[in-house]
Amino acid sequence: MEEKRFTVLDLLDLDLKEQNALDLRCIGGRKGLPREITVPDLNRPGLALSGFFESFAWQRIQIFGRGENAYLKKVEEEGRTDSFEKLFSYPIPACIFTHNLAPGRDFFRLAEAAGCPILQTDLSSSEFTSRILRVLSDIFAPQTTLHGVLVEVYGIGILVSGDSGVGKSETALELVERGHRLVADDVVEIRCVNGSILMGQGANKVIGHHMEIRGLGIINITHLFGVGAIRDKKQIQLVCTLEEWDPDKVYDRIGTEEKTTEILGVRVPQLLIPVKPGRNIPIIVETAAMNERLKKMGYHSAKEFNQNILRWLESENARAVYFNRDDYL
Amino acid sequence: MTERNVTIKNRAGIHARPAALIVQTSSKFASKIWLEKGADKINAKSIMGIITLGASFGTPIRILAEGSDEEDAALAIERLFESRFEEE
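Chains as they are written, first to last, in this note's numbering: chain A, 297 to 625; chain B, 40 to 127.
Below, the structure written as structure tokens:
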């Protein structure tokens with residue numbers, strides 16, 4: 297499978313909101329927009345501008361703040377633009393100017409000639425830096441797509457997986473009907489954030505929050521159930537795998553053993569739920585979610601139950617010492 | 040594992056009706072079938088998955104099938120692409 301390329305154009309196209317918005321626009325070097333961004337890092341090119349190119353991190357996006365821009369202006373006034381030429385001899389992915397700044401004419405001309413995109417943002421350098429690092433680390437996070445439905449049930453992100461036709465979408469539909477939220481149906485895009493958090497979301501905004509229900513066709517969950525019934529993304533905290541009831545298979549009856557499954561190297565609790573007529577799967581999933589919350593709060597139903605039994609058996613033993621003294625004599 | 044490469048020949052690309060046709064066809068087979076577009080790989084038995092691919096006119100698609108009837112399955116899907124999903 298080939299890797300997905302992330303280009304400067306993709307960066308401009310990102311649909312980010314409020315505190316994540318990058319407010320980027322292209323002000324020059326348009327033909328360089330298909331340049332690929334390969335590393336999730338930034339560089340302030342101060343040293344390079346002054347002519348020192350050893351260890352110059354040209355693979356990174358170059359950030360030009362007030363200081364760099366003032367220096368550019370001064371250099372241009374003095375007509376010493378050879379360091380610009382040297383700068384653009386590297387295939388830099390993009391130069392980004394913060395504070396709504398724009399470089400001088402020479403810089404534009406050379407960028408245009410080298411095909412290096414020049415972008416501009418209203419944000420301050422520090423704010424922009426922290427935002428873009430967050431965005432890039434999301435984009436460069438390990439990623440996979442899984443077949444299943446992602447729902448939020450009582451605040452727990454549950455990935456309902458299983459073979460086609462086992463009833464994943466129907467289960468999710470009933471959960472939505474019962475007041476829970478749909479994140480993505482069928483194709484769930486999963487990113488591993490910070491190495492330990494699995495974030496799931498729909499693969500495509502245009503067709504997001506639609507579901508295919510056999511016999512009904514494609515339905516729009518947002519329109520049918522309202523915005524309260526949907527969510528853009530959610531951390532995956534539990535995997536419920538539905539499968540046809542297999543009479544030869546042993547299913548967990550107690551629940552003291554905790555099974556997990558691995559997604560992108562992160563272990564997630566997994567429940568294997570056999571499907572059979574007469575079993576109400578949505579209620580089982582709902583209960584699983586509540587049970588998961590209890591566990592997170594430190595109360596494990598199955599383990600607690602077993603401990604109580606052990607304690608009771610022990611006390612019965614102790615009582616036996618008094619009631620049946622003859623046995624011990 | 041059987042592999043076949045096709046390109047989309049109908050003008051409209053894979054919209055809802057062709058997607059349904061692909062799902063109907065692939066559901067007849069026991070094999071696992073996937074469609075691959077660039078880095079995206081999805082289950083050919085899922086309508087939403089296929090539509091999510093966003094496969095427009097001229098897009099190269101790879102058909103992958105694995106199972107007991109993988110060759111027939113891949114061939115049947117390939118025929119659908121070749122016949123432009125019985126459109127036009």
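Each residue gets a CB set at the ideal place from its N, CA and C atoms; glycine is no exception.
Predicted model, so just to flag it, every value in this text is computed and none were measured.
Contact check, residue i vs residue j, beta carbons under 8 Å
i, j, result
"Leu533 of chain A", "Glu588 of chain A", "The residue asked about is misnamed: residue 533 of chain A is Gln in this sequence, not Leu. Yes, they are a contact pair."
"Ile102 of chain B", "Glu117 of chain B", "yes"
"Lys84 of chain B", "Val62 of chain B", "yes"
"Asp79 of chain B", "Thr441 of chain A", "yes"
"Asn129 of chain B", "Ser457 of chain A", "Shown here, chain B extends from 40 to 127; a query on residue 129 of chain B therefore has no answer."
"Val484 of chain A", "Leu478 of chain A", "no"
"Val668 of chain A", "Gly491 of chain A", "Examination of residue 668 of chain A is not possible in this model, given that chain A is present from 297 through 625 alone."
"Ile452 of chain A", "Ala598 of chain A", "no"
"Leu419 of chain A", "Arg427 of chain A", "yes"
"Ser465 of chain A", "Met507 of chain A", "yes"
"Leu383 of chain A", "Leu329 of chain A", "no"
"Thr467 of chain A", "Leu512 of chain A", "no"
"Asp481 of chain A", "Val523 of chain A", "no"
"Lys501 of chain A", "Asp311 of chain A", "yes"
"Met87 of chain B", "Ile550 of chain A", "no"
"Ser122 of chain B", "Ile47 of chain B", "no"
"Thr394 of chain A", "Ser421 of chain A", "yes"
"Thr381 of chain A", "Gly325 of chain A", "The displayed chain sequence assigns Glu, not Thr, to residue 381 of chain A. Taking 8 Å as the Cβ cut-off, Glu381 of chain A and Gly325 of chain A do not qualify as a contacting pair."
"Pro389 of chain A", "Cys322 of chain A", "no"
Rounded separation between residue i and residue j - CA only
i, j, result
"Gly411 of chain A", "Ala398 of chain A", "17 Å"
"Glu554 of chain A", "Pro565 of chain A", "7 Å"
"Met40 of chain B", "Ala437 of chain A", "29 Å"
"Met297 of chain A", "Asp402 of chain A", "Bear in mind that the predicted position of Met297 of chain A carries a pLDDT of just 41, short of 50, making it too unreliable to give a figure here."
"Asp111 of chain B", "Ser66 of chain B", "12 Å"
"Glu42 of chain B", "Asn49 of chain B", "21 Å"
"Ile493 of chain A", "Val562 of chain A", "8 Å"
"Val535 of chain A", "Tyr450 of chain A", "15 Å"
"Leu606 of chain A", "Ile569 of chain A", "28 Å"
"Ile333 of chain A", "Leu308 of chain A", "12 Å"
"Pro387 of chain A", "Gly361 of chain A", "20 Å"
"Gly93 of chain B", "Gly347 of chain A", "46 Å"
"Ile454 of chain A", "Thr557 of chain A", "13 Å"
"Ser611 of chain A", "Lys592 of chain A", "30 Å"
"Glu372 of chain A", "Asp319 of chain A", "27 Å"
"Asn339 of chain A", "Lys327 of chain A", "22 Å"
"Ile577 of chain A", "Ala51 of chain B", "39 Å"
"Ala287 of chain A", "Phe601 of chain A", "The structure shown does not extend to residue 287 of chain A, since chain A spans only 297 to 625, so no value can be given for it."
"Asn516 of chain A", "Ala55 of chain B", "14 Å"
"Pro573 of chain A", "Asp542 of chain A", "13 Å"
"Phe120 of chain B", "Val546 of chain A", "43 Å"
"Ala317 of chain A", "Ile526 of chain A", "22 Å"
"Leu469 of chain A", "Ile514 of chain A", "12 Å"
"Glu374 of chain A", "Tyr367 of chain A", "11 Å"
"Phe424 of chain A", "Val431 of chain A", "10 Å"
"Ser107 of chain B", "Lys313 of chain A", "48 Å"
"Phe352 of chain A", "Gln439 of chain A", "29 Å"
"Phe521 of chain A", "Gly363 of chain A", "52 Å"
"Thr64 of chain B", "Ile486 of chain A", "28 Å"
"Cys391 of chain A", "Asp528 of chain A", "31 Å"
Contacts that residue i makes with chain A (C-beta to C-beta distance below 7 Å)
i, result
"Thr91 of chain B", "Val483, Ala499, Asn500, Ile503"
Chain-ordered chain B contacts of residue i [CB-CB under 9 Å]
i, result
"Lys628 of chain A", "Outside the displayed range of chain A (297 to 625) lies residue 628 of chain A, so it cannot be described from this structure."
Proximity test, Cβ basis, 8 Å: residue i and chain B
i, result
"Glu508 of chain A", "yes"
"Met297 of chain A", "Unreliable placement is indicated for Met297 of chain A, whose pLDDT of 41 sits below 50; no coordinate value is reported for it."
"Ser269 of chain A", "Given a span of 297 to 625 for chain A in the structure shown, any question on residue 269 of chain A remains unanswerable."
"Ala616 of chain A", "no"
"Leu307 of chain A", "no"
Interface partners of residue i on chain B, CB under 8 Å
i, result
"Thr441 of chain A", "Asp79, Lys80, Ile81"
"Ile514 of chain A", "Ala55, Ile86, Met87"
Proximity test, residue i beta-carbon vs the ligand COA heavy atom, cut-off 7 Å
i, result
"Thr583 of chain A", "Here there are no bound small molecules, and the ligand COA is not part of this structure."
C-beta neighbour in chain D for residue i, strict 8 Å
i, result
"Glu105 of chain B", "Of the protein chains in this structure, namely A and B, none is chain D."
Practice item. Note down, one range per segment and in chain order, each beta strand (DSSP E) of at least 3 residues found wholly within the segment 459-493 of chain A. Key: Within the segment 459-493 of chain A, the runs of beta strand (DSSP E) at least 3 residues long that lie entirely inside it are, in chain order, 477-480, 483-489.
**Study point:** 4-residue-minimum alpha helix (DSSP H) runs that sit fully inside the segment 46-103 of chain B, ordered along the chain
**Key:** Note on the segment 46-103 of chain B: whole alpha helix (DSSP H) runs with a minimum of 4 residues are 55-66, 86-91, in chain order.
Check your understanding: Which ranges would you report for the beta strand (DSSP E) in the segment 309-338 of chain A if only whole runs of at least 3 residues count?
Key -> 321-324
Check your understanding: At which residue ranges does the segment 497-525 of chain A contain complete beta strand (DSSP E) runs of 3 or more residues, listed in the order of the chain?
Key -> Taken in chain order, the complete beta strand (DSSP E) segments of 3 or more residues contained in the segment 497-525 of chain A are 506-509, 513-516.
Check your understanding: Curious, which full-length alpha helix (DSSP H) runs of at least 4 residues does the segment 400-432 of chain A contain?
Key -> 401-410
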